[in-house]
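Residue numbers (the numbering used here), protein chains in the order written: chain A, 22 to 429; chain B, 22 to 429; chain C, 22 to 429.
Here a beta-carbon is modelled for each residue, glycine too, at the ideal position from N, C-alpha and C.
Heads up, the thing below is written out as structure tokens.
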Amino acid sequence: MPSDFPLGNLPLGDLPLGDLPLVDAHCHPVFVGSPGSAGSAGSVDRGEFERMLGEADRPAPVGVSYADSLLGAAVRRWCAPPLGLPAGAPLDRYLDRRADLGPVEVARRLLGAAGLSYLLVDTGIGGADGADSDWWSVQGLASAADAVGREVVRLESVAEGLADSGVAAADFADAYVDALAKATRNAAAVKSILGYRHGFDVDPRRPSRAEVTVAARDWLRRRQEAGAAQSIASRARLSDEALLRFVLWSGVDRGLPVQLHTGFGDRDLRLPSVNPALLQPMVEAVEAVGTPLVLLHCYPYQREAGWLAAVYPHVYVDVGLTVGQVGAQAGAVLAEFCELAPFGKLMFSTDAYRLAERYLVGAAQFRHSFGRLLRDWWRDGDLTARDVERVAVMVGADNARRLYAIDG
Amino acid sequence: MPSDFPLGNLPLGDLPLGDLPLVDAHCHPVFVGSPGSAGSAGSVDRGEFERMLGEADRPAPVGVSYADSLLGAAVRRWCAPPLGLPAGAPLDRYLDRRADLGPVEVARRLLGAAGLSYLLVDTGIGGADGADSDWWSVQGLASAADAVGREVVRLESVAEGLADSGVAAADFADAYVDALAKATRNAAAVKSILGYRHGFDVDPRRPSRAEVTVAARDWLRRRQEAGAAQSIASRARLSDEALLRFVLWSGVDRGLPVQLHTGFGDRDLRLPSVNPALLQPMVEAVEAVGTPLVLLHCYPYQREAGWLAAVYPHVYVDVGLTVGQVGAQAGAVLAEFCELAPFGKLMFSTDAYRLAERYLVGAAQFRHSFGRLLRDWWRDGDLTARDVERVAVMVGADNARRLYAIDG
Amino acid sequence: MPSDFPLGNLPLGDLPLGDLPLVDAHCHPVFVGSPGSAGSAGSVDRGEFERMLGEADRPAPVGVSYADSLLGAAVRRWCAPPLGLPAGAPLDRYLDRRADLGPVEVARRLLGAAGLSYLLVDTGIGGADGADSDWWSVQGLASAADAVGREVVRLESVAEGLADSGVAAADFADAYVDALAKATRNAAAVKSILGYRHGFDVDPRRPSRAEVTVAARDWLRRRQEAGAAQSIASRARLSDEALLRFVLWSGVDRGLPVQLHTGFGDRDLRLPSVNPALLQPMVEAVEAVGTPLVLLHCYPYQREAGWLAAVYPHVYVDVGLTVGQVGAQAGAVLAEFCELAPFGKLMFSTDAYRLAERYLVGAAQFRHSFGRLLRDWWRDGDLTARDVERVAVMVGADNARRLYAIDG
């Protein structure tokens, strides 16, 4: 630290973000079914556990383990201690211990250790809370984490629910707006998976009512042909470009912040087509309305996302998914997020799903890596001690509290 | 440092580039109007100052400050001391002090502290020097910085000036070549903003004279309709693809190095379309002529730019804009510039504009971050002490002196 | 290192990978002709040496040296000591010493110092072994390196050889499959240069036999017109999209791992079109067959490549070329490779060609930089000591041994 830099002492304890309570601005339900349930995460075998951790959905080839990765190492580092094992314990020992404790106890410990104050839960995948449910959703998660839970409503899920209600194509547009208003009555945000269902090479304009009706007619017919909801083939999912734009614009008009999946995820997307830079025409079209757009994940396009946040007032960036998945590299990736994005537009989340491990890894890795990054910048004279404290609180909690009005 | 590495002592003082005089190979005029002038940078309010610093042109949303960023922190770090404040002083205190000193004194101090020996000023935006002017351009900047000033002529500005002279479409091509020759009589380089006005997805060939005449006719008519120069709407700017190619090729034929805006800037560009890798066909078309092409800024495509510099003899890379805007991350970004680009093709500049702060931040952050990078490489045994000294002088000054022949 | 992290002592010596024997999973012949031979690498002049090192094929402009680069510094660092010079010796002194020793002795020393146990040699460029040959290919290299050599067969070269044999267009498809089977009888892998010859924007499907015949007819005719094999113009190379797909699919059907050039190389490719992310449709089409696809080089798209390896079971990533060319930045780039790619899918290679220096730089820089990276992750508590040892051995050798079955 240059001696002429009036920094004072670094706040938040000596190390990475101390016990700053985090707002998890984008996450999903966790499976806590008992052993034997379909897709149980309680006594999962190793292959199943590995796939639930990352974005792969098929077994690794012979000789390869998905857990031999920075992600796997991060799970063993952060999640073993709350289960009573030393950090870095071998995965097989970890899974044995996990099975002994049972899924509910494991989830309770891991969520409890994550230090979250608010959870914004995208309920569009995973199950709902309930006495008989094997899933923890908004209420179950909030209770286990000792946090406040709020819902994020997935725009496409509302449309698919509406489709199954027997709506007529001609009524689809109005009925969707009504259904969205109802579904989001207590929601903190809406979420778009346009990136998965089509990619960002879309006409940025609102579709006309006639376009919506024509597209809805076609989609509802295909969906009906595909049969009952339980067996809906991917071809009957909402993937029509005009309808995707329609639900996105409906979300924009709803006025709540719109979270958009951008960047990597599972193989169901085409990576080059979810580069957030491709959203620029849509960003400009939305600007007049003023609705905030939150770019989720972003990796490996975090620099492009940061630029959008730097030049468009209503664009925000969320580091969820990315920070947990890249483990030891989280600091380097977070630094790239910060290159252009103002700190007031950057937000923490875990994007956790299915496994409670993803909550703790996301939170602990962020706390550790972002804390170290800020500390290094302070040591090198780039930030003052007061900057470090403000930025940590902004990115970890306050930006999300303000943007999603979650104290209201 | 490995003991078997024959390094000797690190030159240039103990730390980052000591007081190496830098050649600022691409910069712009600074506004030094007195309080009350339109767009005054003297007693600017905080919002205005923040927007002038970065690439945003609209107010930040409630709760967000563009200065809560690595850029803002860099300004407080590097610019506060020359104004008599401690490094890292709060921005409000900095702006108060700035207003007390007045814009001319502030600009004089910041430019004086930047340690520049030459300034290559793109005069295509900002005002001209003059007794009554609120701007410092080539002469004013050079005088304040105690440096030698040379002009960089913006190709599109010459075309727009010609258009306002009443030229006939049929004469446009010849008249442009004459006007460019005249405008560049004492210039060090020309500059293209093809990236802003169209993007790099262009036909790389020279347009025919017939194409130019047809395109000029259309453009001159639209420009006339748009009315007097003072009220020219953006639709009347030079943005026709054939004319943009024509002015670029005229610049190539002029023989001076051609600086090209690539990578990020303000929202007036589409980020994916200014990836310098897209210039490859144009780079190849220009190669036979031999005119050097300098890729400015490049971020976040600095690796792509480095590859072009590594495989095409006539391609150079300029780190301006990027180094200042990413503050604490400048070292990491500069390292990426260096991955493939030969050191003899890499050049420093500030790309400063309007605010004198941008001169000092660009220069001081480069000096600090590139110096540290070279020192770390020396410590790790990657470069010898002699390498470090040579590379620092090459990138900071000598490459630009040779390429732009600015001592001539 | 956090005190609660049960790491034990770091294996592999104190520093970077000690003397771990490496499997070079992708490399090329080396020229060892005596002074005076065409293209001699023995007593090369400095300009020639510089171009052979990197990816440039034309002289650098006045005042610029390609060896003033991280690559040039890495050569002086790693290759000077085996020639009896201090690390970092000036290049002119290095070249003098090189000429004194003669090309065979230089190659013997550099290959010997690289510490390679297996060499997988792409024989598609460079000369073949033989008493009168100026080239070391599979046998010559293996002998000099004291390693086991295996061949990698270039799919396009087999097609071009077949074309010169006078095959009829109607027989081309069958004859190619036969020729490939014969050429690969003892091969470890096949290699595709689709990226160079067309780019990845191709129809992912197998071409029909009729398409192949039509395309072969056209190509064979053009090739015949271009004259004897010695003077084949680039227009007569295999570059037809349908034929390129056909040879790639024939390689896939052959069942050996398919190595694909992706990312940077010389100027003969268009960088944006070799982004491995563009291969996603092809990757999915190949998945049903199960043939492993190995993405070579990848830079600057190593993050995109890592994602493909994380979500597609049959996709692997090879760090060759990149690690050597970026010198001091190899650690940062390797870290990006590791962000998503499972360690079991990441492989070392040198991609060395023509100059023996490229073997040693590739191997030594990898050993040094990957070793430091693993050590830093261990120090920071990201990996355990056991993880470090396993990952080093996997990436440096065992993944390639398993994937290419080279012990068989």
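Asked	Found
Per-residue contacts from C:K366 into chain A (C-beta, under 8 Å)	V85
Short Cβ contact (9 Å threshold) for B:A200 with B:G182	yes
Residues bridged to B:F358 [DSSP beta-bridge criterion]	The partner list for B:F358 (beta bridge, DSSP) is empty, contrary to what the question assumes.
Any C-beta of chain C under 9 Å from that of B:S61	No answer about B:S61 holds up, because its pLDDT of 45 lies below 50 and its placement is not dependable.
Cβ shell of C:S86 (< 7 Å), same chain only, five flanking positions each side left out	E71
Opening and closing residue of the alpha helix (DSSP H) in which B:A199 lies	The displayed chain sequence assigns Asp, not Ala, to residue 199 of chain B. Its alpha helix (DSSP H) spans residues F193 to A204.
Exposure label - A:S186; buried when at least 16 CB within 10 Å	exposed
Closest by C-alpha distance to A:L317, when choosing among A:R242, A:G39, A:L38 and A:C48	A:C48
Whole-Å CB distance - C:A46 paired with C:L141, under 8 Å assumed	5 Å
Continuous beta strand (DSSP E) stretch holding B:Y115: start and end	Not the beta strand (DSSP E): B:Y115 falls in the alpha helix (DSSP H), residues L112 to L122.
Chain B residues whose Cβ lies nearer than 8 Å to that of A:H335	P82
Cβ pair B:V295, B:Q323 closer than 9 Å	no
Paired residues, beta bridge with B:F52 - DSSP	B:W156
Backbone CA spacing between B:E410 and B:A330 [nearest angstrom]	22 Å
Cβ pair count under 8 Å reaching 3, the stretch 128-135 of chain C against the stretch 163-178 of chain C	yes
Beta-carbon proximity of B:L241 to B:F193, cut-off 9 Å	yes
Cα-Cα separation, C:E76 to A:V354	29 Å
B:Y139, enclosing alpha helix (DSSP H) - first and last residue	From DSSP, B:Y139 is part of no alpha helix (DSSP H) but of the beta strand (DSSP E) over L137 to D143.
The stretch 259-266 of chain A / the stretch 211-225 of chain A touching (three or more Cβ pairs under 8 Å)	yes
Residue span of the alpha helix (DSSP H) that contains C:F280, given as start and end	It should be pointed out that residue 280 of chain C corresponds to Gln in this sequence rather than to Phe. No alpha helix (DSSP H) contains C:Q280, which is instead part of the beta strand (DSSP E) from V279 to T283.
Host beta strand (DSSP E) of C:E172 (start-end)	V169 to R175
Contact belief for B:W399 with B:L361 at Cβ below 8 Å, rounded distance in angstroms	20 Å between Cβ atoms; not a contact.
Stretch pair the stretch 271-287 of chain A + the stretch 302-321 of chain A: three plus CB contacts closer than 8 Å	yes
Any chain C beta carbon closer than 9 Å to A:F285	yes
Option nearest B:V336 by Cα separation, candidates B:G54, B:A306, B:V347 and B:V344	B:A306
C:A95 beta carbon less than 9 Å from that of B:D408	no
Beta-bridge pairing of A:A318 - partner residues as DSSP gives them	For clarity, residue 318 of chain A is His in the given sequence; the question names Ala instead. Per DSSP, A:T283.
Within 9 Å, strictly: CB atoms of B:M303 and B:P363	no
B:G272 versus C:R227: straight-line alpha-carbon distance, rounded	47 Å
Status (buried if at least 16 other CB within 10 Å, exposed otherwise) for C:A210	buried
Member of C:L394, C:L376 and C:E357 whose CA lies at the smallest distance from the CA of C:E126	C:L376
CB-CB length for B:L106 against B:A88, believed under 8 Å	Wrong, their Cβ atoms sit about 15 Å apart, outside the cutoff.
C-beta contact flag for A:A373 and A:V51 at 9 Å	yes
Any chain C beta carbon closer than 9 Å to A:D117	no
Short CB-CB distance (under 9 Å) between B:A88 and chain A	yes
C-beta contact flag for B:S154 and B:G145 at 9 Å	no
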